[in-house]
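Student: Residue numbers (the numbering used here), protein chains in the order written: chain A, 1 to 370; chain B, 1001 to 1422; chain C, 2001 to 2306.
Let me give you the structure first, and then I'll get to my questions.
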Amino acid sequence: MNTSVKNIVTAVSASAALMASGSALAEIKIGIAGPMTGPVAQYGDMQFSGARMAIEQINADGGVMGEKLEAVEVDDVCDPKQAVTVANRLVNEGVQFVVGHLCSSSTQPASDIYEDEGILMITPASTSPEITSRGYELVFRTIGLDSMQGPVAGEYLASLNPDRVAVIHDKQQYGEGIATAVKETLEEKGVEVPMFDGITAGDKDFSSLVTKLKQADVDYVYYGGYHPELGLILRQARQANLDATFMGPEGVGNKDINSIAGEAAEGLLVTLPPAFDEKEANQELVKAFEEKGEDPSGPFVLTSYAAVQLIAEGIEKAESTDPFDVAAALREGSFETPIGTVEYDSKGDMESFEFVVYEWHSDGSKTPVN
Amino acid sequence: MATSNLKHALFCAIITLVVSYPILGFNLVSQGTSVGLEGANPTTVTAVFLAALAVFLFQLFRDQIMSGLGRVPKPALPTTRNMSDATRVRMQNLIILFVVIGAAIWPFLASRGSVDLATLVLIYVMLALGLNVVVGLAGLLDLGYVAFYAVGAYTFALLSQYFGISFWVALPTGALLAALFGLALGFPVLRLRGDYLAIVTLGFGEIIRILLNNWTSLTGGPNGIGGIPDPTLFGMEFGRRVKEEGNISFHDFFGIAYDSTHKIIFLYLIALVLAVMTFFAIRRLMQMPVGRSWEALREDEIAARSLGLSRTGVKLSAFTIGAFFAGFAGTVFASKQGFISPESFVFLESAIILAIVVLGGMGSQFGVILAAIAVTILPELAREFSEYRMLIFGAAMVLMMVWRPQGLLPMRRIHIHLDKPE
Amino acid sequence: MLDAYFLQQLINGLTIGSAYALIAIGYTMVYGIIGMINFAHGEIYMIGAYTALIAITGLAALGVAFLPIVLLVALICAVIVSSSAGWAVERIAYRPVRGRHRLIPLISAIGMSIFLQNYVHLAQGSRNMGFPLLIEGGFRFGAEGDFQTSISYIQITIFITTLICMAGLSWFIAKSRTGRACRAVSQDLGMSSLLGIDTNRIIAATFVIGAALAAVAGLLLGMYYGSIDPLFGFIAGLKAFTAAVLGGIGSIPGAMLGGLILGVSESMTSGYLSGEYKDVVSFGLLILILLFKPTGLLGKPEVEKI
């Protein structure tokens, strides 16, 4: 009798304890914000695929400090206005950590809101230097800056001893930023830049531009922007017998450029982050992606994976889910991620991020040139 | 009937197939370096054929279906027709009062996201009320209204960036500058008629956007302008930290904990006050001679001119006043976003504002407000179908024009009933 | 300054301009007859380009590589689908609202344009699709080493096709029975229906003709540019509409003239100033011409009817 009462009491208290621990096992919400629709949705796909994989794997390993991660995915269409709307929605959902956004022009207004609301944001793709130059405490990135990529491209071009180089950009934050950095580097090295011109993103007819390039008699053309426009420029340049080598940033390093430019894509030079998916240490991860039927080779897949991982490790290191503590932990620590060892400076930029120059081929493959 | 109907039905079904099967049935996919073709999944193909069948059956039994529908009584709209005008106006005022009080209390009970959305709704209400003056009352087709909205927004953004001017100074400045743009544009173009006016205003809207986009040294180009300050309440700031020396923050002043919703609610209330002001200002104008002459000119330009109305003067006043309120809305928008770029001022935005005016019922202020709410909130509610929301929006615009072209709440004029002698 | 560079920019401008003219026909005919701006016309052109690409890719998958057959099949498919779409759009969105306040058809048209854009977007995705360049090569003039003016076969194809289409259309409007009916309806819709013309059929016919020409432009420009996406019809439509107004809306030679002027002014602006400002120049030109000649270059002056 006595023992049975005791048993019941223990059972009840045990189950109460279990329930209590169950309710304490609240999930940590991670917002993933990027374009699911719109013209650059394929880059958004890379971001979502990388972040989802990281969340799955972390949860399979028991989560972060015993709590599971939960993804809250939102679509900003790479439109600054939508970015503000979805940022407010994430605030509404009680999200404290965000992986995103993709386009620099969306990341910038959204980061104002996150910083104000005490939400930690890591962008896996936005390369504009301005994003981290405003003295924000909670803004980080897992990608290099335009101001790092531009000089790499500029120095490489200068090393080829060209006579004249034209620099073209699509007037977007990303494209113009890199193009300006390339131009400055080239001029420092004493290379003449007779032409620095903008085009309109979304335009399709570049015959006038190509004629102008032909007239300017340049050996090399640097294009700051994304692949849809460069693909067309390459193709129309070939049509008009323009004899120059083109170069672009990682925004053009996409197999879609081959379907647009065809043969004309042969010999295009591209600065890319090193192919993380070809690293020895990442082969297991690559296999995991391939088992899910996803492609880990896009430039933003593993940076997104790393962003989620950094949030998780930051939380564990800080032993707190307070974004300010996590931010402090991220600034102090050094983290091993698929994109290499990550250490942050005071601005929230990575201490080092490497870019490699590749030569692109008409079958969509690429070979490093230096 | 049978053969001609059958032929027509067959034709319609074939057209349905021709329009939908190639686009829906074959998907272009990038296969590595080239574009390839994939057949769509069987469900889509079945759906396409079912749609064609449905069109066929509908067209075949069109007469029967239509007469069947004709018997169903149309849903009666609430009507105040039997009231005298005096009672109606009194009723209206009472309703307005309740709605405004309700709208002022509501944000304290609602969630942050919905208050933020409601602010956007109020901005659209202001824009639509302003465009209503131009299109609904004066009958001038303006497809570049968004240009004035952009002028308001950029005025605030540039003034705050270069001169540190606050929201309260920028608000009238932006509105006046937008009005000035309206005047400057209106002067030469208003002698154009109808659709020529439409295309010129469209061109003007595009020119403003392209200039904002290309004048990088001043406007930041496509990168836009960020860090636009929030409005202050008697010098109190709503941010977590005070940005400007000498100001104190709202939560410190009242000794309450920092809560980001304060700022959102404050912005909402500002937008509410401005929207209500816009509403009453325009309502007043409508009852004044200038408002009457807008409508007179819309109804019959020749008759109005022969009665001594100055065509240019009347049209200009409508254009300028419309632009003024767009400038208002633009300033609030810049402040709400904290960041603006030319992408927010594309032609589609003009089209949406125009759609609001037409959906609401041209000239009808209540209708326009209702439509602004519907058009802004419905796509947000339909986020689950986020992919389909613009598709549905486009289809809704067409259907609305076909079935209820007079709008949700058609405009009613005050008029006097003469009792028929029995 | 008639140097090689100028000549090259002129050729570029005339190519684009004649393609604009093909699209502008659709605007100008519809406006001439029922006085409405068919905002969805740019989307019809986009649908034509997509259909052509689907046909070309499909034929390539089937192993058909004989160029004339590929082009012919693509052209026929594009024309059929676009014309059907033009017919359906008129039937669904415009006929029920015809004769109402002139804003009503306009809003209906904008709605249709948004609908069609998103229809193709959902069905085919938002990616830029590469369009195979079927007609390669071209002529070159000038000495080796100097700036060489080149004119590619595809540019020549665009010129010639536009000329043939324009000549055919002018003949059709002037001589054929339907063409005469078209002119009658555009003069006075009510009166022609009293005289026994099936005005509904004639209006549908103008939509179908405009759509067919837009489909031809879709195939040609798809090849010339090199990629298509669901949004590209809207911009092209806006340009073509500008061309139609510039030349005098309602006038077919006007559409041709407006298209060429617009194309050349665009290419000269990008050639001598900067590509960023080409749209400013085209819209500015439009505003200027309308201010001094309010019905366009070749438009008939409107008579105020009392």
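C-beta: ideal position from N, C-alpha, C; glycine also.
For the beta strand (DSSP E) that F140/A lies in, which residues bound it at each end?
Tutor: Against the first sequence, residue 140/A aligns to sequence position 140. Segment 139-141, the beta strand (DSSP E) holding F140/A.
Student: Does the count of Cβ pairs from the stretch 1348-1365 of chain B and the stretch 2072-2085 of chain C closer than 8 Å reach three?
Tutor: Because the criterion of three Cβ pairs below 8 Å is not met, the stretch 1348-1365 of chain B and the stretch 2072-2085 of chain C do not touch.
Student: Using a Cβ-Cβ cutoff of less than 6 Å, which residues in the same chain neighbour G2042/C once the five nearest sequence positions on both sides are dropped?
Tutor: For this step, residue 2042/C is matched to residue 42 along the third sequence. Once the five neighbours on either side are set aside, the close Cβ partners of G2042/C are G2233, F2234, A2236, G2237.
Student: Identify, in the order they occur along the chain, each residue of the same chain with its Cβ nearer than 7 Å to the Cβ of V1100/B, setting aside the five sequence neighbours on each side.
Tutor: In the second sequence, residue 1100/B corresponds to position 100, counting from 1. So the qualifying residues of the chain are V1276.
Student: With 16 other CB atoms within 10 Å as the buried threshold, where does F2066/C fall?
Tutor: On the third sequence, residue 2066/C is found 66 positions in, with the first residue counted as 1. With fewer than 16 other Cβ atoms within 10 Å, it is exposed.
Student: Among A244/A, K255/A, S208/A, whose alpha-carbon lies nearest the alpha-carbon of P228/A?
Tutor: Within the first sequence, residue 228/A is the residue found at index 228, counting from 1. Nearest C-alpha to P228/A: K255/A.
Student: In the DSSP assignment, what residue or residues form a beta bridge with N2128/C?
Tutor: On the third sequence, residue 2128/C is found 128 positions in, with the first residue counted as 1. None; N2128/C has no bridge partner.
Student: Mind checking whether F1250/B and F1238/B have CB atoms under 8 Å apart?
Tutor: Translated into positions along the second sequence, residue 1250/B becomes position 250. Translated into positions along the second sequence, residue 1238/B becomes position 238. It is a contact, given that the beta carbons lie within the stated cut-off.
Student: Taking only beta carbons into account, state which residues of the stretch 1120-1132 of chain B come closer than 9 Å to chain A, listed in chain order.
Tutor: Correct list: L1120.
Student: Leaving out the 5 sequence neighbours to the left and right, which residues in its chain are closer than 7 Å to E130/A when beta-carbon positions are compared?
Tutor: Counted from its first residue, the first sequence places residue 130/A at position 130. Same-chain partners within the cutoff: Q108.
Student: Excluding the 5 residues preceding and the 5 following S1020/B in the sequence, name in chain order all residues of the same chain whose CB lies nearer than 8 Å to its CB.
Tutor: Numbered from its first residue, the second sequence carries residue 1020/B at position 20. Result list for S1020/B: V1048, A1051, A1052, in chain order.
Student: Starting from M1030/B, trace the beta strand (DSSP E) both ways and give me its first and last residue.
Tutor: Translated into positions along the second sequence, residue 1030/B becomes position 30. Sequence inspection shows Ser at residue 1030/B; the Met mentioned does not correspond to that position. Looking at the DSSP string, the run of the beta strand (DSSP E) that includes S1030/B is 1026-1031.
Student: What does G2271/C touch in chain A if you count any residue whose Cβ is under 9 Å from its own?
Tutor: The residue given as residue 2271/C occupies position 271 in the third sequence. Within 9 Å Cβ-Cβ: S208, L209, T211, K212, Q215.
Student: Following the continuous beta strand (DSSP E) through I32/A, name the residue where it begins and the one where it ends.
Tutor: Mapped onto the first sequence, residue 32/A falls at position 32. Element bounds for I32/A: 28-34.
Student: Does W1215/B come out as helix, strand or coil in the three-state DSSP assignment?
Tutor: Here residue 1215/B corresponds to residue number 215 of the second sequence, with the count starting at 1. W1215/B: coil per DSSP, three-state reduction.
Student: Do the stretch 194-204 of chain A and the stretch 142-150 of chain A meet, that is, are 3 or more Cβ pairs less than 8 Å apart?
Tutor: Too few Cβ pairs lie closer than 8 Å, so no.
Student: Please name the residue or residues paired with L1233/B in a DSSP beta bridge.
Tutor: Locating residue 1233/B in the second sequence gives position 233, counting from the first residue. BP columns for L1233/B point to M1236/B.
Student: Under 8 Å between C-beta atoms, does I2306/C make it to chain A?
Tutor: Your numbering for residue 2306/C matches position 306 in the third sequence. For I2306/C, the pLDDT reaches just 45, beneath the cut-off of 50, and the residue's location in the model is therefore unreliable, although a value from the coordinates is still provided. For I2306/C, the answer is no, since every Cβ of chain A falls outside 8 Å of its Cβ.
Student: Can you name, in chain order, every residue of its own chain whose Cβ lies under 8 Å from the Cβ of A2109/C, other than the five neighbours on each side?
Tutor: To locate residue 2109/C, count along the third sequence from 1; it is residue 109. M2036, I2037, N2038, F2039, A2040, A2093, Y2094, listed in sequence order.
Student: Can you give me the C-alpha to C-alpha distance between L1006/B and I1065/B, rounded to a whole angstrom?
Tutor: Mapped onto the second sequence, residue 1006/B falls at position 6. Mapped onto the second sequence, residue 1065/B falls at position 65. Going from the Cα of L1006/B to the Cα of I1065/B covers about 15 Å.
Student: Chain A beta carbons: is any one of them nearer than 8 Å to that of F2147/C?
Tutor: Sequence index remark: in the third sequence, residue 2147/C carries index 147 (1-based). Interface residue, yes.
Student: Using a Cβ-Cβ distance cut-off of 8 Å, determine whether S21/A contacts chain B.
Tutor: Residue mapping note: residue 21/A aligns to position 21 of the first sequence, counting from 1. Residue placement at S21/A is poorly supported in this model, since its pLDDT is 41, which falls under 50; the coordinates still yield a value, given next. No, its Cβ sits nowhere closer than 8 Å to a Cβ of chain B.
Student: Can you list, in chain order, the residues of its chain with a C-beta nearer than 6 Å to that of Y2119/C? Leave out the 5 residues immediately preceding and following it.
Tutor: Looking up residue 2119/C in the third sequence gives position 119. The answer is none, since no qualifying residue turns up.
Student: Report the neighbours of D256/A on chain C: residues whose CB is nearer than 8 Å to its CB, in chain order.
Tutor: To locate residue 256/A, count along the first sequence from 1; it is residue 256. By Cβ distance, chain C contributes R2127, N2128, G2130.
Student: Under 8 Å between C-beta atoms, does D1063/B make it to chain A?
Tutor: What you label residue 1063/B is simply residue 63 of the second sequence in a count that begins at 1. No, because no Cβ of chain A sits closer than 8 Å to the Cβ of D1063/B.
Student: Anyone know if the C-beta pair for S104/A and Y136/A falls short of 8 Å?
Tutor: Start at 1 with the first residue of the first sequence, and residue 104/A comes out as number 104. Start at 1 with the first residue of the first sequence, and residue 136/A comes out as number 136. Not a contact, by the Cβ cut-off of 8 Å.
Student: Does L1050/B come out as helix, strand or coil in the three-state DSSP assignment?
Tutor: Working through the second sequence from its first residue, we reach residue 1050/B at position 50. Here L1050/B sits in helix by DSSP.
Student: By a C-beta neighbour count over all protein chains shown, 10 Å radius and 16 as the cutoff for buried, is F1339/B buried or exposed?
Tutor: Taking the second sequence and counting its residues from 1, the one referred to as residue 1339/B is at position 339. It is buried - the Cβ of F1339/B has at least 16 other Cβ atoms within 10 Å.
Student: Alpha carbon to alpha carbon, what distance is there between G2226/C and S362/A?
Tutor: On the first sequence, residue 362/A is found 362 positions in, with the first residue counted as 1. On the third sequence, residue 2226/C is found 226 positions in, with the first residue counted as 1. Answer to the nearest angstrom: the Cα atoms are 15 Å apart.
Student: Is G2254/C buried or exposed, if buried means 16 or more other CB atoms sit within 10 Å of its CB?
Tutor: Reading the third sequence from its first residue, position 254 is the one you call residue 2254/C. The residue in question, G2254/C, is buried, as its Cβ has 16 or more Cβ neighbours within 10 Å.
Student: Buried or exposed, going by whether 16 or more other CB atoms sit within 10 Å of the CB of I2160/C?
Tutor: As a position in the third sequence, residue 2160/C is number 160, starting the count at 1. By the neighbour-count rule (16 or more Cβ atoms within 10 Å), I2160/C is not buried but exposed.
Student: Quick one, which residues of the stretch 2091-2118 of chain C are near chain B if we go by CB-CB under 9 Å, in chain order?
Tutor: For the stretch 2091-2118 of chain C, which is checked against every Cβ of chain B, the residues closer than 9 Å are R2091, I2092, A2093, P2096, V2097, R2100, H2101, R2102, L2103, I2104, P2105, L2106, I2107, S2108, A2109, I2110, G2111, M2112, S2113, I2114, F2115, L2116, Q2117, N2118.
Student: Closest to E192/A by CA distance: which of A216/A, A237/A, V74/A is it?
Tutor: Position 192 of the first sequence, counting from 1, holds the residue named residue 192/A. E192/A has its Cα closest to that of A216/A, out of A216/A, A237/A, V74/A.
Student: Give a yes or no on contact between the stretch 1166-1180 of chain B and the stretch 2243-2263 of chain C, applying the rule of three or more CB pairs nearer than 8 Å.
Tutor: Flag = no, the stretch 1166-1180 of chain B and the stretch 2243-2263 of chain C do not touch.
Student: Which residue or residues does DSSP assign as beta-bridge partners of H361/A?
Tutor: Numbered from its first residue, the first sequence carries residue 361/A at position 361. BP columns for H361/A are empty, so no partner.
Student: Ordered along the chain, which non-local residues of its own chain (more than five positions away) have a Cβ less than 6 Å from that of I1369/B?
Tutor: Reading the second sequence from its first residue, position 369 is the one you call residue 1369/B. If we look at I1369/B and ignore the five residues flanking it on each side, its Cβ neighbours are V1125.
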